[in-house]
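For reference, the structure discussed in these notes is given below.
Residue numbers (our numbering), protein chains in the order written: chain Y, 1 to 279; chain U, 1 to 305.
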């Protein structure tokens with residue numbers, strides 16, 4: 001029985017190794033092609049770049065220069081980081097408040113947040129863009145307000161779940177010691193919410209970093225985030241369709257994600273599971 | 001910490017104080033509503049509440065600019081089905097895609113989770129690799145697979161947009177590549193919660209591996225199965241970025257899914273914004289129904305448990 005198990009495990013390890021390689025093939029092919037001349041990519045995507053087909057770093061130069069990709073990276077980083085910070089701060093404050101201050105208004109706000117989680121973006125797409133234009137939120141700073149609005153549903157929902165688990169006695173003791181609500185929240189609640197804040201940050205960062213429609217529709221003309229810039233390459237905003245530049249941009253788009261993943265793998269997987277189970 | 005002192009003292013003699021404290025806290029909190037809730041609430045109103053209400057009303061209007069509304073009742077809803085078959089085609093394509101994706105993603109993810117909970121060497125590395133595609137955004141994923149699938153199809157003298165079936169299976173493969181790792185980690189968490197002695201007891205009683213899977217493992221991971229099914233269901237149904245980047249709906253709008261069809265109706269033709277909004281309302285109602293069913297299913301399971 002044991003021997004059989006070991007043989008089976010060797011076979012499974014072998015099988016999973018092959019499958020892992022297959023999983024990585026798409027990314028490998030993109031990296032490979034990012035070093036090939038732009039006319040060879042569609043013709044022979046699976047050949048090694050060599051001689052004529054080898055383009056060196058030309059694609060990277062084209063991709064970065066033509067599409068203003070350095071700006072895109074900057075906008076993506078700014079919008080993602082600013083939005084995540086704002087969402088975590090304000091949503092946790094709101095979640096704590098509406099969980100602690102019981103009443104009709106609190107529960108109405110809570111259910112409104114929960115409701116917003118199931119509404120698909122297309123439902124509000126057109127009107128949100130209009131409202132954003134009217135209020136002049138069509139800047140990288142303004143879009144952070146929209147992300148707070150869209151992100152607060154899930155964030156308040158997750159934070160509320162954890163605030164409920166914090167025993168009330170802690171806050172009562174703080175209030176006896178003379179802490180007001182602001183001190184109580186920032187000195188006592190925030191440290192307790194840290195693991196939850198990490199979960200929320202990861203979920204929101206993944207969504208905002210990869211989001212395409214909202215930045216495209218609201219600020220896409222002037223400020224292109226990475227997904228918007230990538231989509232723009234082939235839709236002809238710069239004349240010819242430069243496959244080489246696209247490949248280079250795909251590699252550059254994946255790179256920060258892979259680095260982020262390798263650094264925070266454990267918390268990312270944990271956060272995603274927690275988010276899934278909650279949502 | 002003062003906490004423990006309060007907690008350890010005789011409850012009876014202190015309950016009035018705690019009660020008073022509680023009341024005082026509620027009173028004090030009242031003043032802080034603008035600090036704690038208002039910022040989020042304003043952003044939420046701008047991004048969601050106002051646009052949602054606007055969206056519902058606009059579905060009953062004909063307009064090209066939002067300031068000139070012409071109320072037309074249910075006209076937009078009727079037009080969805082009478083003007084062309086775009087919406088119904090997109091709906092069927094989406095339903096077919098969703099069914100195939102939910103089944104394939106969940107079976108493969110569960111199988112991988114099962115293999116990765118046997119304690120074999122390299123488990124962490126495999127998990128890392130399988131989960132990674134989940135972090136890559138839909139637009140980027142779409143282009144990666146466009147290159148890949150076109151490269152393979154070229155050998156047969158066709159392209160991805162030659163026939164709708166290529167686009168369909170392309171989307172299914174893409175969805176599997178992206179979602180398998182995500183669902184797999186949820187299944188792994190579920191499988192790890194099964195107590196070992198339960199499986200051992202079943203093995204001692206002479207249960208075959210197949211019986212163990214059906215009678216012990218599957219019932220115990222039912223909560224994970226529910227979560228994963230609905231996650232893949234709603235993600236597949238709402239798919240947009242991947243659809244836009246992989247085929248853009250080609251050929252002849254035959255691979256257009258619901259979200260993309262709504263987008264095209266809004267921005268592709270002037271004068272059809274009202275129809276687009278009506279489509280969006282129907283889309284929302286279907287997604288809402290899925291969420292409602294999920295809530296009922298998980299609630300009834302909680303009651304049983």
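Just so it is clear, CB atoms sit at the ideal spot from N, CA and C, and this is done for glycine as well.
Identify whether residue i lies in helix, strand or coil by the three-state DSSP scheme.
{"i": "residue 276 of chain Y", "result": "helix"}
{"i": "residue 62 of chain U", "result": "strand"}
{"i": "residue 62 of chain Y", "result": "helix"}
{"i": "residue 193 of chain U", "result": "coil"}
{"i": "residue 293 of chain U", "result": "helix"}
{"i": "residue 152 of chain U", "result": "helix"}
{"i": "residue 257 of chain U", "result": "coil"}
{"i": "residue 250 of chain U", "result": "coil"}
{"i": "residue 179 of chain Y", "result": "coil"}
{"i": "residue 116 of chain U", "result": "coil"}
{"i": "residue 45 of chain Y", "result": "coil"}
{"i": "residue 237 of chain Y", "result": "Any reading at residue 237 of chain Y is ruled out, since the residue's pLDDT is 49, under 50, leaving its predicted position unreliable."}
{"i": "residue 208 of chain U", "result": "coil"}
{"i": "residue 88 of chain U", "result": "helix"}
{"i": "residue 135 of chain Y", "result": "coil"}
{"i": "residue 131 of chain U", "result": "helix"}
{"i": "residue 298 of chain U", "result": "helix"}
{"i": "residue 193 of chain Y", "result": "helix"}
{"i": "residue 271 of chain U", "result": "coil"}
{"i": "residue 242 of chain Y", "result": "coil"}
{"i": "residue 216 of chain U", "result": "helix"}
Ordered along the chain, which non-local residues of its own chain (more than five positions away) have a Cβ less than 7 Å from that of residue i?
{"i": "residue 91 of chain U", "result": "258"}
{"i": "residue 247 of chain Y", "result": "30, 33, 34, 41 and 59"}
{"i": "residue 113 of chain Y", "result": "152, 153, 156 and 157"}
{"i": "residue 76 of chain Y", "result": "209, 225 and 226"}
{"i": "residue 201 of chain Y", "result": "84 and 88"}
{"i": "residue 232 of chain Y", "result": "67 and 224"}
{"i": "residue 109 of chain Y", "result": "98"}
So with Cβ pairs under 8 Å, would you call residue i a contact of chain U?
{"i": "residue 48 of chain Y", "result": "no"}
{"i": "residue 269 of chain Y", "result": "yes"}
{"i": "residue 135 of chain Y", "result": "yes"}
{"i": "residue 33 of chain Y", "result": "yes"}
{"i": "residue 81 of chain Y", "result": "no"}
{"i": "residue 116 of chain Y", "result": "yes"}
{"i": "residue 276 of chain Y", "result": "yes"}
{"i": "residue 58 of chain Y", "result": "no"}
{"i": "residue 257 of chain Y", "result": "yes"}
{"i": "residue 90 of chain Y", "result": "yes"}
Based on the DSSP secondary-structure assignment, which residues constitute the bridge partners of residue i?
{"i": "residue 36 of chain Y", "result": "Y:54"}
{"i": "residue 70 of chain U", "result": "U:62"}
Would you say residue i faces chain Y, with C-beta separation under 8 Å as the test?
{"i": "residue 128 of chain U", "result": "yes"}
{"i": "residue 247 of chain U", "result": "no"}
{"i": "residue 150 of chain U", "result": "yes"}
{"i": "residue 220 of chain U", "result": "no"}
{"i": "residue 189 of chain U", "result": "yes"}
{"i": "residue 197 of chain U", "result": "no"}
{"i": "residue 95 of chain U", "result": "no"}
{"i": "residue 40 of chain U", "result": "yes"}
{"i": "residue 118 of chain U", "result": "yes"}
Please go through the same chain and pick out, in chain order, the residues whose beta-carbon is closer than 8 Å to the beta-carbon of residue i, but skip the five residues on each side of it.
{"i": "residue 72 of chain Y", "result": "224, 225, 226, 228 and 229"}
{"i": "residue 78 of chain Y", "result": "140"}
{"i": "residue 256 of chain U", "result": "86, 89, 90, 93, 243, 249 and 264"}
{"i": "residue 72 of chain U", "result": "60, 61, 62 and 274"}
{"i": "residue 311 of chain U", "result": "Because chain U here runs from 1 to 305, residue 311 of chain U falls outside it and cannot be looked at."}
{"i": "residue 56 of chain Y", "result": "35"}
{"i": "residue 237 of chain Y", "result": "Since pLDDT at residue 237 of chain Y reaches only 49, below the 50 mark, its modelled position is unreliable, and the value read off the structure follows with that caveat. Counting only Cβ-Cβ distances below 8 Å, and skipping sequence neighbours, we find nothing."}
Might you give, ordered along the chain, the residues of its own chain that have their beta carbon closer than 6 Å to the beta carbon of residue i, omitting 5 neighbours on each side?
{"i": "residue 222 of chain Y", "result": "none"}
{"i": "residue 116 of chain Y", "result": "153"}
{"i": "residue 149 of chain U", "result": "160 and 170"}
{"i": "residue 106 of chain Y", "result": "98"}
{"i": "residue 49 of chain Y", "result": "35 and 36"}
Quick one: any contact between the region 169-184 of chain U and the region 130-141 of chain U, if contact means 3 or more CB pairs under 8 Å? yes
Do the region 28-47 of chain U and the region 246-262 of chain U touch if we need at least three Cβ pairs shorter than 8 Å? no
So does the region 275-285 of chain U actually touch the region 182-196 of chain U, counting three or more Cβ pairs closer than 8 Å? Because the criterion of three Cβ pairs below 8 Å is not met, the region 275-285 of chain U and the region 182-196 of chain U do not touch.
Counting Cβ pairs closer than 8 Å, one from the region 20-38 of chain U and one from the region 118-135 of chain Y, do we hit at least three? Counting Cβ pairs under 8 Å, fewer than three are found: no touch.
Below 8 Å between beta carbons is the criterion; list the residues of the region 177-192 of chain Y that meet it against any residue of chain A, in chain order. The chain labelled as chain A is not found among the protein chains of the depicted structure, namely Y and U.
For the region 185-203 of chain U against the region 266-279 of chain Y, do three or more pairs of beta-carbon atoms, one drawn from each stretch, fall closer than 8 Å, so that the two count as touching? yes
Can you confirm whether the region 181-189 of chain Y touches the region 118-130 of chain Y when touching is taken to mean that 3 or more C-beta pairs between the two stretches lie within less than 8 Å? no
Decide yes or no for the touch test of the region 136-146 of chain U against the region 209-225 of chain U: beta carbon pairs closer than 8 Å, at least 3 of them. no
Segment contact, 8 Å Cβ cut-off, at least three pairs: the region 247-264 of chain Y with the region 45-63 of chain Y: The region 45-63 of chain Y and the region 247-264 of chain Y touch, with three or more beta-carbon pairs separated by less than 8 Å.
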